[in-house]
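Using UniProt numbering, you'd call the opening residue of the sequence shown number 1 and step up by one each time.
By construction, the Cβ of each residue, glycine as well, lies at the ideal position given by its N, Cα and C atoms.
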Amino acid sequence: MWKSLVLKLQTANGAAHFLEACSREERDEWAADITAAGLELSPSDGGKETNQQEPDSPRLHNIDLSKVLDSMYDVHSGIKMSSHMEQGSTYSNCFSGSAVVDWLVFIQLAGTRVDAVTLASALQEEGCLRPVGIKSVEALRTAGLTQQFMDDSTALYGFSDSLKKRGSVKAETSAVELSGKVVKRGYLLKQGHRRKNWKVRLFVLRSEPAFLHYYDPTKDELSPAGGFSLRSCLVSSLNDNGVPSGVSGNIQGNLFKIITQGETHYFIQAPTNQEKMDWIDAIRQQT
1 MWKSLVLKLQ TANGAAHFLE ACSREERDEW AADITAAGLE LSPSDGGKET
51 NQQEPDSPRL HNIDLSKVLD SMYDVHSGIK MSSHMEQGST YSNCFSGSAV
101 VDWLVFIQLA GTRVDAVTLA SALQEEGCLR PVGIKSVEAL RTAGLTQQFM
151 DDSTALYGFS DSLKKRGSVK AETSAVELSG KVVKRGYLLK QGHRRKNWKV
201 RLFVLRSEPA FLHYYDPTKD ELSPAGGFSL RSCLVSSLND NGVPSGVSGN
251 IQGNLFKIIT QGETHYFIQA PTNQEKMDWI DAIRQQT
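So, in structure tokens, the structure goes:
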């Protein structure tokens, strides 16, 4: 996991150094001072070093903002959405400005925090990100020609509502469902509801809110192929002697069944008996 207090310094020869500050404020002060010192040491346009390569920084005309956004949505390595409070109001499915900057630097989409702010501002200007709450909305209103995005742990942002129309982000999966903490993930066999055929799916179990989603590992999809709330679900182990009722094909062993609140039956097979019991225990803790 990346840490929000970490600074990344990259030398001219490409060596990376990671430093951890004691607080966000101290981290931001160090970042600003180091950046300022680097600018002062840079050769002038008329100096002898004019042919020297510049340090890595985002050239926005070479960056595909759509791909950046897809990476932010990635279920495994994307930015985490959660609930935040600002001046007595609670905002759900959002993230702080500093969290966006932290993530862009960590995932190496930006070389410095300054570059990350520039990239985040471009995402906001293109309507990919929207301000949430008083502080970020006010910053956008008063920004003028300066950068609008705030590298601030108390300034809140979220994905734009218009992104529901983007083909790479399926609108039918609510952001709330995917905002929970990942408790368990793994590959399991699942029986289809229509053709009753068995296919491997990547299952992801989340808490707060409790949901179980599954993904098609053969497709580069950001949204799950399906999923359901675990509220009032029943999960049980199936008998290993013979093919249980409701199971199609000659599938035997390490099977368990989940019955949702809406009476939908899911038949799932784990690789081993121990993994089956681990999944059953983990799911029961969320029901």
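Please work out which residues of its chain come closer than 8 Å, Cβ to Cβ, to residue i, disregarding the five sequence neighbours upstream and downstream, and give them in chain order.
i	result
V176	S92, N93, P209
T272	N254
T287	A210, L230, R231, S232, C233, L234, V235
Q261	S229, R231, S232, C233
I280	V235, S236, S237, F256
Looking at C-alpha atoms only, which residue of the options is the closest neighbour of residue i?
i	options	result
K181	I79, K8, V243	I79
R113	H265, T154, R27, S223	R27
V105	S179, W279, L119	L119
residue 324	V204, K190, V235	Look at the range of the chain in this structure, 1 to 287, and you will see that residue 324 is not part of it.
L238	Q108, A37, Y266	Y266
Q191	L156, L255, P217, S207	L255
G111	L9, N250, F149	L9
L188	K276, A139, K219	K276
I107	Q124, A282, H76	H76
E126	I63, H193, E20	I63
P217	G226, V200, M72	V200
Using 10 angstroms around the beta-carbon of residue i, count the other beta-carbons present and answer buried if the total reaches 16, otherwise exposed.
i	result
D151	buried
A99	buried
H84	buried
K196	exposed
G246	exposed
G88	exposed
C22	exposed
G167	Bear in mind that the predicted position of G167 carries a pLDDT of just 37, short of 50, making it too unreliable to give a figure here.
T11	exposed
D56	No answer about D56 holds up, because its pLDDT of 43 lies below 50 and its placement is not dependable.
Suppose contacts are defined by Cβ-Cβ distances below 8 Å. Is residue i in contact with residue j by that definition?
i	j	result
W30	L7	yes
R185	L202	yes
L109	S136	no
S160	V183	no
R130	G158	yes
residue 296	I259	A query on residue 296 cannot be resolved here, the shown segment of the chain reaching from 1 to 287 and no further.
Looking at the strands, I want to know which residues DSSP matches up with residue i.
i	result
K190	K199, I268
Y73	Note: Y73 sits in no beta bridge, so no partner.
R185	V204
T35	Looking at the DSSP assignment, T35 forms no beta bridge with any residue, so it has no partner.
R130	G158
L212	L205, F228
Grab me the residues of residue i's own chain with a C-beta within less than 6 Å of its C-beta, minus the 5 sequence neighbours each way, in chain order.
i	result
L69	C128
L140	P131, Q148
Can you check whether the C-beta of residue i is within less than 8 Å of a C-beta belonging to chain C?
i	result
C128	Protein chain content of the structure displayed is limited to a single chain, and chain C is not contained in it.
Spatial neighbours of residue i within its chain, please: C-beta separation below 7 Å, excluding the five flanking residues on both sides.
i	result
F149	G97, V117, A120, S121, Q124
Y214	K190, R201, L202, F203, P224, A225, G226, G227
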